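Worksheet: one structure, shown below.
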Amino acid sequence: MVTAIVGANWGDEGKGKITDLLAERSDVVVRFQGGANAGHTILNEHGRFALHILPSGIFYPHVTNIIGNGVALDIARLAQELSDLAEQGIPAPNLIVSQRAQILMPYHSLQDAYEEQRLGGRAFGSTKSGIAPFYSDKYAKMGIQVCDLYHEARLRDRLERAVEVKNVLFQHLYHQPPLDVEQLYGQLLEYRELIRPYVGDAVGFLHQALGQGKRVLLEGQLGAMKDPDLGIFPMTTSSHTLAGFGCVGAPVPPTSIQEVLCVTKAYSSSVGSNTEPFLSELTGPEGEELRRRGGDKGEYGATTGRPRRVGWFDTVATKYGCMVQGATQVALTCLDVLGYLDEIPVCVGYELDGVVTDRFPTTPELLRAKPVFETLPGWKQDVRGMTDYAALPAQAKAYVDFLEERIGVPITLVSTGPGRHEVAQRK
165 MVTAIVGANW
175 GDEGKGKITD
185 LLAERSDVVV
195 RFQGGANAGH
205 TILNEHGRFA
215 LHILPSGIFY
225 PHVTNIIGNG
235 VALDIARLAQ
245 ELSDLAEQGI
255 PAPNLIVSQR
265 AQILMPYHSL
275 QDAYEEQRLG
285 GRAFGSTKSG
295 IAPFYSDKYA
305 KMGIQVCDLY
315 HEARLRDRLE
325 RAVEVKNVLF
335 QHLYHQPPLD
345 VEQLYGQLLE
355 YRELIRPYVG
365 DAVGFLHQAL
375 GQGKRVLLEG
385 QLGAMKDPDL
395 GIFPMTTSSH
405 TLAGFGCVGA
415 PVPPTSIQEV
425 LCVTKAYSSS
435 VGSNTEPFLS
445 ELTGPEGEEL
455 RRRGGDKGEY
465 GATTGRPRRV
475 GWFDTVATKY
485 GCMVQGATQV
495 ALTCLDVLGY
505 LDEIPVCVGY
515 ELDGVVTDRF
525 PTTPELLRAK
535 PVFETLPGWK
545 QDVRGMTDYA
555 ALPAQAKAYV
565 DFLEERIGVP
575 ITLVSTGPGR
585 HEVAQRK
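Numbering-wise (our numbering), the sequence shown opens with residue 165 and increments by one.
Right, dumping it as C-alpha cells:
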C-alpha cells in the first residue's frame with residue numbers, strides 16, 4: 165500500500181511531522197522530488213530537527229528511507245545532515261540513494277544566485293539553492309546522475325560538456341569568473357566516496373517492497389500552489405509537487421497509490437516573493453502576532469529563516485490544492501495556534517470583476533482577485549497537545565467542520581502541537 169503525503173497549499177504545511185508520525189507504522193519512506201530548498205521540521209523524543217534532503221522516516225530503525233530519482237540531490241547537504249544526526253545521537257538511518265538521482269552541482273547554486281541578482285526587482289524570491297538551474301539542466305539532458313560518479317570517463321565527459329555551456333553563461337551574461345573543470349571533477353570524486361555506502365537500486369528495491377505488500381509513504385516537498393504546471397506560475401518551484409509525480413520521482417506504479425493525504429494548516433503561510441498573489445494575507449500587527457505564535461518557533465522558513473507571509477485559511481486555494489493532488493483525506497495542522505483569537509476570518513471566495521467565485525483562477529486573474537471572508541467564532545482556549553478530538557472546544561470542532569465542508573475532503577487528522585503525537589484522530 166502506498167500513501168502520498170503532500171501539501172495542499174504553498175508549502176510549510178507540516179508534512180514532515182505527519183510523515184514522521186505515519187512512518188511509525190510504515191516500512192519505506194521515499195522523498196520523491198525537490199531538493200534542499202525547503203525543510204521539514206520535526207519535533208520528537210530525540211529533539212527538534214529540520215530535514216532538507218533526508219526523508220522524514222529516518223528516526224525509525226525499521227524504516228528504509230529512499231532518496232528517489234526525482235530529487236535534486238545536494239550531496240554536501242546530505243553529508244552534513246547525516247553528520248548532524250550522528251552528533252545528536254541518532255543512529256545511522258537505513259538509507260538508499262537512488263543511483264538514478266541527479267546531482268545538484270555547485271554551479272547550480274551559483275547560477276541561481278546570479279540570476280536572482282540579474283533580475284533585481286523582478287526576482288522570484290529563490291532560496292538560491294540551485295533548484296531551477298538543476299531541473300533546467302536535467303530536462304536539457306545536461307545533468308549528472310549518481311551512477312555517473314562510478315564511471316570516470318563518462319563523468320569527465322559529462323562534466324566538461326556542462327561546464328562549456330555554463331562558462332559561456334557565467335562570463336557573458338552574468339559577468340562572473342569561469343568554472344574550473346579540474347576543481348569540480350575533484351569535488352565530484354569526493355562526493356562519490358561520501359555517498360558510496362548508500363547508493364543502490366532504489367527502483368528495484370521499491371518495486372520488490374510493493375510486491376511483498378510493504379507499507380510505503382511518499383513524502384512530497386512544498387505544496388500544490390508551487391507546482392510549475394498547476395500552481396501560481398511563475399512564482400513556483402521547479403519540480404512537480406503533486407502526488408502524481410511520485411509515480412515518476414519515487415517511482416511507484418500509478419495503480420499502487422491508494423491514499424493521498426493532503427496536509428494544510430488551520431491558517432495560511434507562504435515563503436516566497438512578495439510579488440506572489442496571496443489573497444488571504446494578514447499584515448501589520450495582527451499578521452506579526454500570528455507569525456510569532458505560529459508553527460513550532462514562529463513562522464520562519466526552515467531553510468532560510470525568512471519570515472513567512474501569513475494569512476487566514478483560504479478555502480478556495482485549499483479546495484483546488486486538494487483537487488489537483490487527488491486528496492482522499494486531509495491532515496489539518498496548527499489548530500492550537502488559533503486559540504488566542506476571539507473570532508477567525510476564513511477566505512471563502514474570490515471576487516473577480518464583480519463576481520464571487522470559489523474556483524481557483526489562473527495567475528493573471530488571481531492578480532486581480534479580491535478575497536471574500538466569512539468570520540467564525542474563536543474558542544479562546546489552549547488546546548495544545550490534546551489528542552481526544554471529542555474533548556476539543558465546540559467552536560474548534562465547528563471550525564474544522566466548516567473547513568471540511570468547504571474543501572470537500574474528509575479531515576481525518578487534526579494536529580494540536582508540533583510534537584509527533586500531538587494529534588487528534590477525527591475520523
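Even glycine gets a Cβ: it sits at the ideal position worked out from N, Cα and C.
Quick caveat: nothing in here was measured; it's all calculated off a predicted structure.
Would you call residue i buried or exposed, if buried means 16 or more other Cβ atoms sit within 10 Å of its Cβ?
{"i": "THR580", "result": "buried"}
{"i": "VAL555", "result": "Correcting the residue type first, residue 555 is Ala in the shown sequence and not Val. By the neighbour-count rule (16 or more Cβ atoms within 10 Å), ALA555 is not buried but exposed."}
{"i": "PHE397", "result": "exposed"}
{"i": "PRO342", "result": "exposed"}
{"i": "ASP517", "result": "exposed"}
{"i": "VAL329", "result": "exposed"}
{"i": "ARG590", "result": "buried"}
{"i": "LEU425", "result": "buried"}
{"i": "ASN438", "result": "exposed"}
{"i": "SER402", "result": "buried"}
{"i": "GLN335", "result": "exposed"}
Would you mind working out which of the options sits nearest residue i, comparing C-alpha positions?
{"i": "PHE477", "options": "TYR504, HIS216 and THR428", "result": "THR428"}
{"i": "GLY572", "options": "ALA481, MET550 and GLY583", "result": "ALA481"}
{"i": "ALA558", "options": "LEU540, PRO574 and ARG570", "result": "LEU540"}
{"i": "GLU383", "options": "MET165, GLY180 and ASN173", "result": "GLY180"}
{"i": "LYS561", "options": "ASN208, ARG212, LEU502 and THR400", "result": "LEU502"}
{"i": "LEU218", "options": "GLU209, ASN208 and ASN258", "result": "ASN258"}
{"i": "PHE537", "options": "GLY375, HIS339, ALA366 and THR479", "result": "THR479"}
{"i": "HIS404", "options": "LEU386, THR419 and HIS585", "result": "LEU386"}
{"i": "GLN545", "options": "LEU531, THR419 and TYR504", "result": "TYR504"}
{"i": "LEU207", "options": "ASP565, GLY549 and ILE575", "result": "GLY549"}
{"i": "VAL512", "options": "ARG379, ALA533 and GLY583", "result": "ALA533"}
{"i": "TRP543", "options": "VAL564, ASP506, ASP184 and LEU454", "result": "ASP506"}
{"i": "PRO225", "options": "ARG584, PHE334 and VAL192", "result": "VAL192"}
{"i": "LEU333", "options": "SER220, VAL194, PRO297 and GLY211", "result": "PRO297"}
Inspect the beta-carbon positions of residue i and residue j and report whether they are closer than 9 angstroms.
{"i": "GLY175", "j": "VAL435", "result": "yes"}
{"i": "GLU245", "j": "HIS216", "result": "yes"}
{"i": "VAL261", "j": "ILE230", "result": "yes"}
{"i": "MET306", "j": "ARG325", "result": "yes"}
{"i": "ALA430", "j": "SER293", "result": "no"}
{"i": "VAL345", "j": "VAL310", "result": "no"}
{"i": "GLY408", "j": "GLY485", "result": "no"}
{"i": "LEU577", "j": "ILE182", "result": "yes"}
{"i": "PHE442", "j": "GLY475", "result": "yes"}
{"i": "ASN173", "j": "SER432", "result": "yes"}
{"i": "GLY413", "j": "PHE213", "result": "no"}
{"i": "THR551", "j": "VAL587", "result": "yes"}
{"i": "LEU348", "j": "TYR299", "result": "no"}
{"i": "VAL488", "j": "PRO574", "result": "no"}
{"i": "GLY410", "j": "ALA168", "result": "yes"}
{"i": "GLU423", "j": "THR497", "result": "no"}
{"i": "LEU323", "j": "LEU352", "result": "yes"}
Among all the DSSP beta bridges, which residues are the ones paired with residue i?
{"i": "ASN208", "result": "GLY211"}
{"i": "GLY364", "result": "SER262"}
{"i": "ASN229", "result": "VAL193 and LEU259"}
{"i": "PHE537", "result": "CYS511"}
{"i": "ASP478", "result": "CYS511"}
{"i": "LYS390", "result": "LYS390 is not bridged to any residue."}
{"i": "LEU425", "result": "ILE169 and GLN493"}
{"i": "SER579", "result": "VAL587"}
Check your understanding: Do the stretch 260–277 and the stretch 440–455 touch if we need at least three Cβ pairs shorter than 8 angstroms?
Key -> no
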